[in-house]
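K.L.:
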Amino acid sequence: MENLGDVMGNLLQELQKEQCRSDITDFRVGDTIRVATKIVDGGKERIQVFQGTVMARKGGGAGETISLHRVAYGEGMEKSFLLNSPKIVSIEVVKRGKVARARLYYLQGKTGKAAKVKEYIGPKSEKK
Numbered sequence: 003m004e005n006l007g008d009v010m011g012n013l014l015q016e017l018q019k020e021q022c023r024s025d026i027t028d029f030r031v032g033d034t035i036r037v038a039t040k041i042v043d044g045g046k047e048r049i050q051v052f053q054g055t056v057m058a059r060k061g062g063g064a065g066e067t068i069s070l071h072r073v074a075y076g077e078g079m080e081k082s083f084l085l086n087s088p089k090i091v092s093i094e095v096v097k098r099g100k101v102a103r104a105r106l107y108y109l110q111g112k113t114g115k116a117a118k119v120k121e122y123i124g125p126k127s128e129k130k
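Written out as structure tokens, the structure is:
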């Protein structure tokens, strides 16, 4: 007979798998992405787009969140999104970033060129 804790753990994992979305594109910390979200504005439903650099990915499963950083009008702004939220319409990768950190909190106080992340070009081709 199985342990009750094992059964509950398996059940919890199955529930989280059901709630996770499979239509989300693959992206990493340092990438610049465009997130389109549904917003209810005075009875009307519209789509609002936020573009920024991924600063952090936290959690896992159904409760995974991302933090985006963007510099607009000389001010840095940060916005967090629940990755598996039904309000997120789409996530599009604008450009890939090359970073050596899992969390880019050093971007928070920076503006202009200091807030830029190097672009990832891809693996170099071998010469024959």
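Heads up: the sequence shown begins at 3 in my numbering, then just goes up one per residue.
In this text, a Cβ means the ideal position worked out from N, Cα and C, and glycines have one as well.
1) Suppose contacts are defined by Cβ-Cβ distances below 8 Å. Is R36 in contact with Q53 by that definition?
2) Closer than 6 Å by C-beta to L2: which residues in its own chain qualify, once you throw out the five before and the five after it? Chain order, please.
3) How far does the beta strand (DSSP E) with Q110 in it extend, from its first residue to its last?
4) Short check: CB of V95 to CB of D33, under 8 Å?
5) Quick one: any contact between the segment 98-110 and the segment 41-48, if contact means 3 or more CB pairs under 8 Å?
6) At the level of alpha carbons, what is the spacing between R103 and V56?
7) Output the boundary residues of the beta strand (DSSP E) element that contains K136.
8) I'd like the span of the beta strand (DSSP E) that includes V51, first residue to last.
9) At which residues does the beta strand (DSSP E) containing T67 begin and terminate?
10) For G11 and G63, what's the separation of their Cα atoms in angstroms?
11) Is DSSP giving E20 helix, strand or coil here?
12) Do you know how far the Cα of S69 is from the Cα of Y75?
P.N.:
Quick answer:
1) Position 34 of the sequence shown, counting from 1, holds the residue named residue 36. Position 51 of the sequence shown, counting from 1, holds the residue named residue 53. Cβ distance < 8 Å, so R36 and Q53 count as in contact.
2) Residue 2 cannot be examined here, being either before or after the span of the chain that is shown, 3 to 130.
3) Indexing the sequence shown from 1 puts residue 110 at position 108. Judged by DSSP secondary structure, Q110 falls outside any beta strand (DSSP E); it is assigned neither H nor E.
4) As a position in the sequence shown, residue 95 is number 93, starting the count at 1. As a position in the sequence shown, residue 33 is number 31, starting the count at 1. Taking 8 Å as the cut-off, the beta carbon of V95 is found closer than this to the beta carbon of D33.
5) With the cut-off at 8 Å, the segment 98-110 and the segment 41-48 do not touch.
6) In the sequence shown, counting from the first residue as 1, residue 103 sits at position 101. In the sequence shown, counting from the first residue as 1, residue 56 sits at position 54. Cα to Cα, the separation comes out at about 11 Å.
7) Here the chain has residues from 3 to 130 only, and residue 136 is not among them.
8) Numbered from 1 along the sequence shown, position 49 holds the residue referred to as residue 51. Taken as a continuous stretch (DSSP letters only), the beta strand (DSSP E) holding V51 covers K46 to K60.
9) As a working mapping, residue 67 is identified with position 65 in the sequence shown. Residues T67 to A74.
10) Along the sequence shown, one-based indexing puts residue 11 at 9. Along the sequence shown, one-based indexing puts residue 63 at 61. About 13 Å.
11) Here residue 20 corresponds to residue number 18 of the sequence shown, with the count starting at 1. Annotated three-state conformation of E20 is helix, per DSSP.
12) By one-based count along the sequence shown, residue 75 stands at place 73. By one-based count along the sequence shown, residue 69 stands at place 67. Y75 and S69 have their C-alpha atoms roughly 19 Å apart.
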